[in-house]
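Report on the following structure.
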């Protein structure tokens, strides 16, 4: 099954800070240097990284930014070492980590509701924070941008759909697996229009076609292609039927059907009609009897 990995280079300031071994220590001097380089007046600040002492000039603006960050991180439940303490104990970090996971879950839940309710382009980080009952900084702590937040929500929906199809088709012979898998997918979208809108309507526009295909098309295509290839190996495909070409044709039809289901006033009825039509198409592909 194809895998879609999160984008590399995503901003995670708090995670980087937690994993770098950064331990702030008390300033060794409060001397200032009016008019000298490096951003104006400042102090010498000593810290340790991997056990080695470091010393650098820190301006008032830099220090203010760092202190603001520390306060935000503490508020959101990520343990920050106190001056002079190299690493907090496991007991002292367990509760903050649980709060952070809860914060992430609430942000993702709020984003899912908002993205699934209308136009993803119109959703703002402020709205997500308000719906989640969190600060805007909390959302940015977990996600560098709205696009990254959307992609995370999309991947969760996509994986849930793939898992449902895999569970429904486990142990079935190729033709039954293909029919059951496509029907399961369409019915799942018809019963969860939020998932339908996010995965097939908004994702191509927000993520771009190439990225969406990496995440969505790859997984389902492999499932369909595997069933068709196995059917040909067992002599169940009609002569001239090419699994690779058939997979593209079926996925194109199912994708357009999914978009129609997401917009239909009666998505359940639309899904059942589509499943019946798909079965008729597959009857022309597979060999039955004898």
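In our numbering, the protein residues as written are 564 to 853. Glycine included, C-beta positions come from ideal geometry on N, C-alpha and C.
Quiz item: Would you say residue 709 reaches chain C, if we count a Cβ-Cβ gap shorter than 8 Å as a contact?
Solution: In the structure shown, chain C cannot be found, because there is only a single protein chain.
Practice problem: Measure the beta-carbon distance from residue 814 to residue 787 and round it to whole angstroms, keeping in mind my assumption that it falls under 8 Å. | Solution: Residue mapping note: residue 814 aligns to position 251 of the chain shown, counting from 1. Residue mapping note: residue 787 aligns to position 224 of the chain shown, counting from 1. The Cβ separation is near 6 Å, so the contact holds.
Quiz item: In or out: residue 696 buried (at least 16 other Cβ within 10 Å) or exposed?
Solution: By 1-based counting over the chain shown, the position of residue 696 is 133. Answer is exposed; the Cβ neighbour count stays below 16.
Quiz item: Quick one: any contact between the stretch 699–708 and the stretch 735–747, if contact means 3 or more CB pairs under 8 Å?
Solution: no
Self-check item: Same chain only: Cβ atoms within 6 Å of residue 679, ignoring 5 sequence neighbours per side
Solution: Here residue 679 corresponds to residue number 116 of the chain shown, with the count starting at 1. Excluding sequence neighbours, residue 679 sits near 757, 760 and 761.
Exercise. Check whether the stretch 681–689 touches the stretch 722–738, counting contact only when three or more Cβ pairs, one atom from each stretch, lie closer than 8 Å.
Key: no
Practice problem: Report the rounded CA-to-CA distance for residue 840 versus residue 669, giving the unit in angstroms. | Solution: The count along the chain shown starts at 1 and reaches residue 840 at position 277. The count along the chain shown starts at 1 and reaches residue 669 at position 106. The straight-line gap from Cα to Cα measures roughly 40 Å.
Quiz prompt | Residue nearest to residue 694 in terms of C-alpha spacing, selected from 712, 713, 700 and 674 | solution = As a first step, residue 694 is located in the chain shown; it is residue number 131 there, counting from the start. Residue 694 has its Cα closest to that of 674, out of 712, 713, 700 and 674.
Practice problem: Assuming residue 785 contacts residue 848 (C-beta within less than 8 Å), just tell me the rounded distance between them. | Solution: Here residue 785 corresponds to residue number 222 of the chain shown, with the count starting at 1. Here residue 848 corresponds to residue number 285 of the chain shown, with the count starting at 1. Contact doesn't hold; Cβ gap of about 18 Å is too wide.
Quiz item: Roughly how many whole angstroms lie between the Cα atoms of residue 807 and residue 698?
Solution: Locating residue 807 in the chain shown gives position 244, where the first residue counts as 1. Locating residue 698 in the chain shown gives position 135, where the first residue counts as 1. Looking at the two C-alpha atoms, the distance is approximately 48 Å.
Quiz item: What residue from 792, 829, 821 and 778 has the CA that sits closest to residue 715's CA?
Solution: Locating residue 715 in the chain shown gives position 152, counting from the first residue. If we check each option's Cα against that of residue 715, 778 comes out closest.
Exercise. Use the C-beta contact count for residue 819: other C-beta atoms within 10 angstroms, 16 or more gives buried, fewer gives exposed.
Key: Sequence index remark: in the chain shown, residue 819 carries index 256 (1-based). Flag for residue 819 reads exposed.
Quiz prompt | Any beta strand (DSSP E) of 3 or more consecutive residues that is wholly inside the stretch 740–785 | solution = none
Quiz prompt | Distance between beta carbons of residue 763 and residue 747, contact taken as under 8 Å | solution = Here residue 747 is taken as the residue at index 184 of the chain shown, counted from 1. Here residue 763 is taken as the residue at index 200 of the chain shown, counted from 1. Rounded, the Cβ-Cβ distance is 15 Å, inconsistent with contact.
Practice problem: Please report how far the alpha carbon of residue 809 lies from the alpha carbon of residue 752, in whole angstroms. | Solution: On the chain shown, position 246 is the one that residue 809 refers to. On the chain shown, position 189 is the one that residue 752 refers to. So the two alpha carbons sit approximately 22 Å from each other.
Quiz item: Is DSSP giving residue 841 helix, strand or coil here?
Solution: In the chain shown, the residue the question calls residue 841 occupies position 278. DSSP places residue 841 in helix when its eight states are reduced to three.
Quiz prompt | Contact set for residue 676: own chain, Cβ-Cβ below 7 Å, skip 5 residues either direction | solution = The count along the chain shown starts at 1 and reaches residue 676 at position 113. Within the same chain, residue 676 has close Cβ partners 694.
Quiz prompt | CA-to-CA distance, residue 795 to residue 736, given in whole angstroms | solution = Reading the chain shown from its first residue, position 173 is the one you call residue 736. Reading the chain shown from its first residue, position 232 is the one you call residue 795. Going by the C-alpha atoms only, they are around 12 Å apart.
Practice problem: Kindly indicate the opening and closing residues of the alpha helix (DSSP H) around residue 811. | Solution: In the chain shown, residue 811 corresponds to position 248, counting from 1. Run containing residue 811: 806–826, per the alpha helix (DSSP H) assignment.
Quiz prompt | Alpha carbon of residue 834 to alpha carbon of residue 772, nearest angstrom | solution = Here residue 834 is taken as the residue at index 271 of the chain shown, counted from 1. Here residue 772 is taken as the residue at index 209 of the chain shown, counted from 1. If you take the alpha carbons of residue 834 and residue 772, they lie about 24 Å apart.
Quiz item: With 16 as the cutoff for other CB atoms within 10 Å, does residue 768 come out buried or exposed?
Solution: The sequence position of residue 768 within the chain shown is 205, counting from 1. Exposed.
Practice problem: Could you have a look at residue 791 and say whether DSSP puts it in helix, strand or coil? | Solution: By one-based count along the chain shown, residue 791 stands at place 228. Correct three-state label for residue 791: helix.
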